[in-house]
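Heads up, the thing below is written out as structure tokens.
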Amino acid sequence: MPAHHRPWRALTVVVSAGLVLATLVAGPAYAVEYPSWDDVQNARQNQTATAATAARIEGMLVSLENEAAKLGRAAQIKGESYNVARGALDAASSTSARLDAQAQDAAARAEQSGRRAGQIIAQLARSGGANLSVTLMTSPHVDDLLGSLASMTRLTEQSAHLLAEANQDRNVATASKAQATAAEAARKSLADDAKAAFDDASDASKAVAAKIADQQEAADQLYAQLATLKGTTADLERQYIEGKTATRPTPGGPVAPTGPAAPTTPTVPTPPLPGTPLPGTPPPVVVPPVDSPPVITPPVVTPPVVTPPVVTPPVVTPPTAPAPAPAPAPAPSTVEAAIAFATAQLGDRYQYGGYGPDDWDCSGLTKASYAKAGVYIGAHGSTSQYRYLGGQGRLVPIGQIQRGDLIFYSEDGSYVYHTAIYVGGGRMIEAQYEGVPVKIAPVRSYDLMSHVGRPA
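Using mature numbering (1 follows the signal peptide of the UniProt record, and there is no 0), the letters of the sequence shown correspond one by one to residues -31 to -1, 1 to 425.
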């Protein structure tokens, strides 16, 4: 997690998600009475009753979809808290390993320099350093005496230097060892945090899966009943309800995570219902015609002596403001390769932390899809991918969204809890949450971030 994050915000998000999850999983205090098939058949006898029953069923389905989305969102936030904890653990593990290696190198240098200093001091002792005064009084050869004295002086200077170097190396080794020990303690603490976050997220994911499974049978029957009343199919009705729930409002509006990679937040467009294109490109800029100023002929000024020629100024057209720099265009072959890989996973099971080959979570699917196309988009985590692309200058306003861009969702900026690949037409391919297979769905506007990632 970047240093700009404020831990209390992240903790608030996770605790809030936990309270929401506990409340929703516990279920309502009353049982919803769903219409029976007899009710549906009776309603078909009367046009007004048909419309009323269809509206009632639609309301129930919207309620079920919204509840499932809230459950999934709470689980996604917990899952991303683990991804962030895992990222911090990976960084701490790398730091611990690096400092441990440095400490071992420093210890080896200290041992080597200490050995050299000891050898020089031993050599100095053997050269007569202890009996120098006796030698000065008894030696009959002055030249030999002066030579011995010069050698001993050099040895003494060298030994002092080596001793100082050995002491410095020993101090460095001691400090490096202490630093490595502290880093390992921090790594162990983060490992405990990551395990706790994983267990919490895993439990949340399982609880969501169980709750959604309980709802699925009722939802399937309701879709079939609605299709019967309206003379359509259950799949069409499901798409219609998904489109309605995709654009439900969320208090607070879109946000961008804090940190150096987060861009300025512009106005966020609301994606339309299925079947209509998302405003993926901004409307054409209409430049109004520039009215050229009329040619103005100044009056002829006649000085007393010299008559200057009449000067007619040229027509000056005011310069047009330069167009803003366009967002980087996606590389078609790369984008299509990534989308083709993601599309091939349609129907695969959602698995928290999944990275294939048959189980996926949201950031695992996006990461693997672009890895297949030869593009690195960040670590396995929605927050990591958003921040990595931001650091690479690959974030663009959502108004400029194009096929292949990565869509991000965040509750309040502490975490990016979900990501998906935009495939055009207001739709995206995603691994959403437990109990829902990899699918193509309408782009949801709630918690939608103001910028998208353009990996290629």
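We put the CB at the ideal spot given by N, CA and C, even for glycine.
Would you tell me roughly how many angstroms separate the C-alpha atoms of residue i and residue j, rounded to the nearest one?
i           : j      : result
GLY422      : THR335 : 11 Å
ALA337      : PRO424 : 13 Å
PRO4        : GLY41  : 26 Å
ILE398      : ILE390 : 5 Å
residue 451 : ALA44  : Limits of the chain in this structure are -31 at one end and 425 at the other, which puts residue 451 out of reach.
ALA91       : SER128 : 10 Å
GLY362      : ALA61  : 26 Å
SER65       : LYS341 : 32 Å
ASN140      : ILE308 : 56 Å
ALA176      : ARG413 : 23 Å
SER32       : LEU358 : 36 Å
ALA12       : THR22  : 7 Å
ASP204      : GLU2   : 23 Å
ALA152      : SER158 : 10 Å
GLU305      : SER174 : 31 Å
ASN15       : GLY200 : 14 Å
ASP328      : LEU315 : 11 Å
VAL255      : LEU375 : Legend: pLDDT at VAL255 = 37, less than 50; position of this residue unreliable, value from coordinates given subsequently. Their backbone Cα atoms lie some 29 Å apart in a straight line.
VAL(-19)    : ASP416 : Here the model assigns VAL(-19) a pLDDT of 42, short of 50, so the residue's position is not dependable, and the following value carries that caveat. Cα to Cα, the separation comes out at about 13 Å.
TYR209      : ARG67  : 55 Å
ARG356      : ALA154 : 27 Å
TYR345      : LYS180 : 35 Å
Spell out the partners DSSP gives residue i in its beta bridges.
i      : result
VAL421 : VAL365
GLU186 : DSSP output for GLU186 lists no bridge partner at all.
ASP374 : Beta-bridge pairing links ASP374 to no other residue.
ASP328 : ARG318
ILE390 : LEU375 and ILE398
Taking only three categories from DSSP, how would you classify residue i?
i      : result
SER379 : strand
TYR384 : coil
PRO411 : strand
ARG13  : coil
TYR321 : coil
GLY212 : helix
ARG396 : strand
ALA342 : coil
PHE310 : helix
TYR355 : helix
TYR51  : helix
ALA203 : helix
TYR402 : coil
PRO246 : Low per-residue confidence applies at PRO246: pLDDT is 40, beneath 50, and the placement is therefore not dependable enough to give any value.
ALA348 : coil
ASP416 : coil
GLU2   : coil
Do residue j and residue i have their beta-carbon atoms positioned less than 9 Å apart in this structure?
i      : j      : result
SER145 : GLN81  : no
THR214 : ALA38  : yes
PHE377 : VAL365 : no
GLN354 : THR303 : no
ARG207 : LEU58  : no
ALA54  : ASP168 : no
SER383 : MET418 : no
THR312 : ASN52  : no
ALA149 : ARG78  : no
SER160 : LYS47  : Residue 160 is actually Ala in this sequence, not Ser. Not closer than 9 Å, so no.
PRO411 : GLY393 : no
GLY343 : GLY333 : no
ALA166 : SER50  : yes
GLU34  : GLU211 : yes
Given 8 Å, three or more beta-carbon pairs between the stretch 308 to 319 and the stretch 406 to 422
Touching, yes.
How about the stretch 25 to 34 and the stretch 125 to 138: do they share at least three Cβ pairs that are nearer than 8 Å?
Contact fails: fewer than three Cβ-Cβ distances are below 8 Å.
Using 8 Å as the cut-off, can you tell me whether the stretch 7 to 14 makes contact with the stretch 184 to 202, which would need three or more C-beta pairs spanning the two stretches below that distance?
By the Cβ criterion, the stretch 7 to 14 is in contact with the stretch 184 to 202, since at least three pairs of Cβ atoms, one from each stretch, lie closer than 8 Å.
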